[in-house]
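Take a look at the structure set out below.
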Amino acid sequence: MKYVTEYRDADLVQAVLREIRRTVTRPHTLMEICGGQTHAIVRHGLDQLLPEQIELVHGPGCPVCVTPLELIDKALTIAEQPGVIFTSYGDMLRVPGSGRDLFMVRANGGDVRVVYSPLDAVKIAQENPDKQVVFFAIGFETTAPANAMSVLQAQALGLDNFSVLVSHVCVPPAMHAILGSPDNRVQGFLAAGHVCAVMGYWQYPPIATQYQVPIAITGFEPLDVIQGILAVVRSLEQGKIEVNNAYARAVTYEGNKAAQQVIDRVFEVRDRQWRGIGPISQSGWGLRPTFVQFDAEHRFDLGAIDTQESPICIAGQILQGLKKPHHCPAFGRQCTPETPLGATMVSSEGACAAYYRYGRHLILESAHV
Amino acid sequence: MCLGVPGKIIDRYEANGLPMGKIDFGGTVREACLAYVPTAQIGDYTVIHVGFAISILSEEEAQATLETLRGMVDIAEELGPEERER
Ligand code: SF4
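Protein chains in written order, with our numbering: chain G, 1 to 369; chain U, 1 to 86.
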């Protein structure tokens, strides 16, 4: 496959790894922000091919993982109501709310449907005028253009039975939160390539300067990831704090202007709760008041929501790069993809899911014997 | 949902007032919205996220990157096996 196969070329990956080995003289801790990159790293074992001095910690860029429990509980409450078709990206169905998940709601007769694109949810609303169709609009900057367009499309089609439950978060405020924490260990970042495809990377030079951390815009194939690591390691070794674009085939400095305009038209900046991490001010988006008629939180009377998080789950610390999945006492024991205690075990971008899927719990177990 | 995969645009049309296209992902064909890539043409490769094209891939940049990386392989070969193992 074009633009995929070339970036899995083992010789080139080895060449970049050699260059990293030649460059590195001291320990560095880097964070890949995006959960998609975490999966690529664990799947291809890239972390194990790196010189020992380089440690990769996994970041908060997993939309399913950071969607606050309160919103999940609201989703469950809405999905349980009669006359509602609740639509969501597939990843959300297994995410544990307080005591239940969307799968259970469906098993109990709720009409919960997985959609590939939010436009599919709009179509369902068109086809079911006697039902209320709600779309769970979660995600980072990558899903925002799609989610925003679904609202504009519902408006253009004059649909009064479509609404969105919005939980949008943004990468730069999370980087500020991580770097500003007294516990921070991150010395360099691999920025999420597709977030930057939408937003560009003009937001990153001020962060690099403020916290003195180099940043490389990084893609998702093994060669992309390893190239991003080389860029950050070179910067750290040379003491040059810079932002490198190591994913130039997909990302420009300005980003996708058309997408940014639609996001800005539909959403405004809001304070947001991050699951496991807590509140981060001005860290996400919500619907602008002009679109209030499409706001599910406004349309449905949800009453008081009482949330209950698993007391064992340390996902919040994992998402901030302070711990890794195998540091969690429940990992691979009480907590598995079949019996998840936290969202990071079920999301296709969750670090716990990646470690479990690629058998890291088995390696760790045999190491303990 | 953030694993945007590159696919090739093989058809363009309009549906419900939105520019849409058929995207070929190495044999699997899916529909995507092209509203955010107004200049995209049939034959272009694009990154798709949750049913929306968010970026057109630049062949020029892709080649430039691969050239630089291939250069690293050549240098390693010139340096010989000893340097390579370092
Ligand atoms: S292994 Fe399970 S309980 Fe532990 S941090 Fe991950 S999701 Fe939470």
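Every residue, glycine too, gets a C-beta built ideally from N, C-alpha and C.
**Request:** Locate the beta strand (DSSP E) running through A192 of chain G, then write down its first and last residues.
**Result:** 188-192
**Terminal residues of the beta strand (DSSP E) in which A15 of chain U lies** = 5-15
**Request:** For the beta strand (DSSP E) holding Y45 of chain U, just list the boundary residues, first then last.
**Result:** 45-49
**Item:** alpha helix (DSSP H) runs contained entirely in the segment 239-314 of chain G, provided each spans 4 or more residues
**Value:** 257-266, 296-299
**Asked** Going along chain U in order, which residues have a C-beta closer than 9 Å to the C-beta of H44 of chain G?
**Response** Result: empty, since nearest Cβ-Cβ is about 14 Å, beyond 9 Å.
**Item:** Short Cβ contact (8 Å threshold) for V4 of chain G with L230 of chain G
**Value:** no
**Item:** C-alpha distance - S181 of chain G paired with V171 of chain G, whole-angstrom precision
**Value:** 16 Å
**Prompt:** Beta-carbon of R70 of chain U versus every beta-carbon of chain G: anything under 8 Å?
**Reply:** yes
**Message:** Distance cutoff 8 Å, beta carbons only. Does R84 of chain U sit that close to anything in chain G?
**Reply:** For R84 of chain U, the predicted model reports a pLDDT of 47, less than 50, meaning its position is unreliable; a value from the coordinates is still stated below. With 8 Å as the cut-off, R84 of chain U counts as an interface residue toward chain G.
**Asked** Which of the three DSSP states, helix, strand or coil, is assigned to E55 of chain G?
**Response** strand
**Item:** 7 Å CB neighbourhood of P417 of chain G in its chain, flanking five on each side removed
**Value:** The shown model of chain G, from 1 to 369, leaves out residue 417 of chain G, and the question about it has no answer.
**Request:** Would you identify the three-state DSSP class for T39 of chain U, choosing helix, strand or coil?
**Result:** coil
**Asked** By a C-beta neighbour count over all protein chains shown, 10 Å radius and 16 as the cutoff for buried, is C2 of chain U buried or exposed?
**Response** For C2 of chain U, the pLDDT reaches just 47, beneath the cut-off of 50, and the residue's location in the model is therefore unreliable, leaving the point undetermined.
**Request:** Could you name the residues that DSSP lists as bridge partners for I56 of chain U?
**Result:** U:T46
**Request:** Inspect the CB distances between the segment 223-239 of chain G and the segment 294-313 of chain G and report whether three or more fall short of 8 Å.
**Result:** no
**Request:** Could you round the C-beta distance between F25 of chain U and G43 of chain U to whole angstroms and report it? I think they count as a contact, below 8 Å.
**Result:** About 15 Å separates the two Cβ atoms, so there is no contact after all.
**Asked** Is there at least one non-hydrogen atom of ligand 1 closer than 7 Å to the beta-carbon of I312 of chain G?
**Response** yes
**Prompt:** DSSP three-state call for F135 of chain G: helix, strand or coil?
**Reply:** strand
**Asked** Just to confirm, are A216 of chain G and A246 of chain G a CB contact at a threshold of 8 Å?
**Response** yes
**Item:** Selected residue, minimal CA-CA separation from G158 of chain G, among G:Q126, G:T143, G:V134
**Value:** G:Q126
**Prompt:** Looking at I277 of chain G and ligand 1, is the gap between the Cβ and the nearest heavy atom below 7 Å?
**Reply:** no
**Prompt:** Helix, strand or coil: how does DSSP classify E338 of chain G here?
**Reply:** coil
**Message:** Please tell me whether I312 of chain G and T344 of chain G are closer than 8 Å, where the distance is taken between their beta carbons.
**Reply:** no
**Request:** Measure the C-alpha to C-alpha separation of V84 of chain G and I78 of chain G and round it to an integer number of angstroms.
**Result:** 7 Å
**Asked** Using CA coordinates, which residue listed in G:V243, G:Q227, G:Q203, G:I33 is at the minimum distance from P214 of chain G?
**Response** G:V243
**Request:** Give a yes or no on whether 8 Å exceeds the smallest Cβ distance from V29 of chain U to chain G.
**Result:** no
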